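Residue numbers (the numbering used here): 1295 to 1407.
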């Protein structure tokens, strides 16, 4: 049978034979903990709990200088006015400039911070 072949009548009724059986339904997957851990809400919850456990241990290992720096940052974040002033002061260039006098062997010299 090819395109353009002469037409031949076929017997009626048609008899068709199935070569495979179609499966309409899929079997339900079995229970697995892996599927629970693929859920984004479970992942976020586990990450949050993990950070709550890990952060105190990390804070114990900080140097005193780093602890002081973190306390200053927390103070800035607790007061929005200070935070915005420091942010806009850095951008506009109007940050306060303090001068300290540093004495060297060659004489007095001013140091800006």
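Using N, Cα and C, we set each Cβ at its ideal position, and we do this for glycine too.
Keep in mind the model is a prediction, meaning the values are calculated, not measured.
Asked                                                                      : Found
Separation of residue 1369 from residue 1329, as counted between CA atoms  : 42 Å
Cβ pair residue 1364, residue 1371 closer than 8 Å                         : no
Span separating the alpha-carbon of residue 1318 from that of residue 1307 : 27 Å
Which of helix, strand or coil DSSP assigns to residue 1348                : helix
Euclidean distance between Cα positions of residue 1359 and residue 1326   : 48 Å
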